[in-house]
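Q:
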Amino acid sequence: MNCDAASPTPYKSLRTPMPQKSSQSIFIHSSMVLPKSLRLWGIGGVGMSALAQHLLKGGHHITGYDREASPFTEILQKQGVRIDYTPHPEAAAAVEGIIYTPAIPEDFPEWETVKAHHLPVWRRAEALSIVLEPYQVLAVAGAHGKTTTTAILTWLLYRMGESPTAFVGGLMKNFDNNYLAGTGDLAVVEADEYDRAMLRLYPAHAIIQSTEPDHLEIYGSAEALLDAYRQFARQVRGELVLGREVPDLGRPALRYEMKHYQAIGDTVYFAYQWKGGYRQAYWRQIGRHFAENAAAALTLLEALGYGFDTLQAALAEYAGVARRLEIYPAGRHIVVSDYAHHPTEIRRTLEALREAYPKHKIITVFQPHLHSRTAFFAQDFAEALNKSDYVVLFPIYAAREPSTSSISHKLISQHLTVPFEEAVPLEVDMEWVFNMPYEQPSVVAFLGAGDIYLRAIPTQKALAGLP
């Protein structure tokens, strides 16, 4: 992939005045400067690992803890970061501050060291807000499409010569990283609704693509979540782009409308309308929902002064994000890995696969993510999965939540109307791969936000040898 950037062009509208902050800080600490020596708990997560790389770039000494290795811990270890996979209280005692994710439990052994040494602590969202202070921030919020839209914005700005810094919730294939170290004053970030993290941002410009309910264990109700989006919208100082299903959020905003989508060979053509104009675009990413992500990014950047033809040339070179409809050919079969973990995302992913591979059987291998989400959306998950021809359902990936015997993947399976099986845990074996019905070419789609993706490549190798 050609990563040569164009010469930078200063677009005045891209940059907005910085907000006047009140005397009462939104952070736990009055100091807006992080200490030079930091330990990051949960450093292998996609958000924390990007933050860790940024801190390294800024001259901080970083160590970290996580339960297990990941592609992102590998990136960090290549940069010289010490990462522990078991608690090490002495490592916590050796730093000046801690940054942690909400997934860290209260009984994590290193907490005792923090208390004994009176170390300052920051949640990841708080620390990210601090490091973003010098930047003009372009933020992407919403229940769906944050990572892809953020990656598209990053790539387009890079090709426009802006040299942005970017924190992305997935590995950008154009850069082989989830972080981009820019030299300019622009930063592109995901504004996550989980843990109300988005409310710590005051973006120059933003996109909100969906306000569909999720993380209601945090907000309590869909209306409370919508109120949070309204507050976030008020904190955006410049242009705001809203997805087609987002309600009015109480401030002026741009909207776009998809008009056409067609895949011809390995090229996807789509058209959208905004401000009375009609734009026709193309790229190599299947899925109507991804085309909507691209339309949102194009709408924002064109509103900020970039020429559409230049943006289109860059879009044609966009390579995608890992685990976003990632395709692995396997003989006459196709293996797919996708991060879809919400009923709407599953439905859109399966629709994209059905459209791209109309003669294939669709076999969906789904690993639910979080007990709370499974309980709330059980029937919706089943309705989305029923768009498959066959379903393999794995146990819940609990992530940050404690396991509970009262909530299981069976809440979903009881509503399935297509043939299905309940698979053994991932670490046991892969016999189920060979027991599925392969009388016709099949798409085997691994969906979920947990570790289900680890089975995609082994399955590709297994299926490649089948007749």
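523 is the number that my numbering gives to position 434 of the sequence shown; each next residue is one higher, with no gaps. Each residue gets a CB set at the ideal place from its N, CA and C atoms; glycine is no exception.
Tell me the rounded alpha-carbon separation between Ile347 and Arg413.
A: Here the sequence assigns Met to residue 347, which means Ile is not the residue at that position. So the two alpha carbons sit approximately 20 Å from each other.
Q: With a threshold of 8 Å, are at least 3 pairs of Cβ atoms found where one atom belongs to the stretch 228-236 and the other to the stretch 377-386?
A: Cβ pair count under 8 Å is three or more, so yes.
Q: Check each candidate in Glu472, Gln456 and His498 and name the one with the smallest Cα separation from Arg544.
A: If we check each option's Cα against that of Arg544, Gln456 comes out closest.
Q: With H, G and I counted as helix, E and B as strand and the rest as coil, what does DSSP make of Asn266?
A: Strand.
Q: Would you decide whether Pro223 is buried or exposed? Buried here means 16 or more other CB atoms lie within 10 Å of its CB.
A: Exposed, because fewer than 16 other Cβ atoms sit within 10 Å of the Cβ of Pro223.
Q: Where does Thr506 fall in DSSP's three states?
A: Here Thr506 sits in coil by DSSP.
Q: Would you please state the rounded distance, in angstroms, between the beta carbons of Gly244 and Asn267? I believe it to be under 8 Å.
A: Reading off the sequence shown, one finds Trp at residue 244, where the question assumed Gly. About 13 Å separates the two Cβ atoms, so there is no contact after all.
Q: Please report the straight-line C-alpha distance between Ile132 and Ala403, rounded to a whole angstrom.
A: Cα to Cα, Ile132 sits roughly 32 Å from Ala403.
Q: In or out: Gly258 buried (at least 16 other Cβ within 10 Å) or exposed?
A: Gly258 should be labelled buried.
Q: Within its chain, find whatever has a CB closer than 6 Å to the CB of Val335; leave out the 5 residues flanking it on each side and keep chain order.
A: Once the five neighbours on either side are set aside, the close Cβ partners of Val335 are Ile297 and Thr300.
Q: Decide yes or no for the touch test of the stretch 495-510 against the stretch 392-400: beta carbon pairs closer than 8 Å, at least 3 of them.
A: No, they do not touch.
Q: Which of the three DSSP states is assigned to Ser120 in this structure?
A: Annotation note: pLDDT 49 at Ser120 (below 50); position unreliable, coordinate value reported separately. Coil, per DSSP.
Q: What beta strand (DSSP E) runs, 3 residues minimum, are completely inside the stretch 155-221?
A: Taking only runs of at least 3 residues, the beta strand (DSSP E) segments lying wholly in the stretch 155-221 are 171-173, 186-189 and 210-212.
Q: Within a Cβ cutoff of 6 Å, which residues of the same chain sit near Gln324, ignoring the five residues on either side of it in sequence?
A: Answer for Gln324: Tyr291, listed in chain order.
Q: Should Gly134 be labelled buried (16 or more other beta-carbon atoms within 10 Å of its own) or exposed?
A: Buried, since its Cβ has 16 or more Cβ neighbours within 10 Å.
Q: Is Glu528 helix, strand or coil by DSSP?
A: Coil, per DSSP.
Q: Which runs of the alpha helix (DSSP H) at least 4 residues long sit entirely within the stretch 281-329? Give them in chain order.
A: Taking only runs of at least 4 residues, the alpha helix (DSSP H) segments lying wholly in the stretch 281-329 are 305-308 and 311-323.
Q: Which of the three DSSP states is assigned to Val357 in this structure?
A: If DSSP states are grouped into helix, strand and coil, Val357 belongs with the strands.
Q: One question on the structure: do Thr438 and Ala429 come within less than 8 Å of each other, judged by their Cβ atoms?
A: Yes; because the gap between Cβ atoms is below 8 Å, this pair is in contact.
Q: Helix, strand or coil for Gly136, going by three-state DSSP, please let me know.
A: Helix, per DSSP.
Q: Ignore the nearest five residues each way along the sequence and tell me which others in Thr506's own chain have a CB closer than 7 Å to its CB.
A: Same-chain partners within the cutoff: Asn475.
Q: Starting from Lys550, follow the beta strand (DSSP E) in both directions and report where the run begins and ends.
A: Counting along the chain, Lys550 falls outside any beta strand (DSSP E), though it belongs to the alpha helix (DSSP H) covering Ala545 to Ala553.
Q: For Val424, which residues in the same chain have their Cβ closer than 6 Å to its Cβ, ignoring the five residues on either side in sequence?
A: Tyr417, Val533, Ala545, Thr548 and Gln549, listed in sequence order.
Q: Could you tell me whether the Cβ atoms of Leu490 and Leu536 are closer together than 8 Å?
A: Residue identity check: residue 490 is Glu in the sequence provided, not Leu. Cβ atoms of Glu490 and Leu536: not closer than 8 Å.
Q: Excluding five sequence neighbours on each side, which residues of the same chain lie with their C-beta closer than 6 Å to the C-beta of Gly539?
A: Excluding positions up to five away in sequence, the list reads Gln456, His458 and Tyr486.
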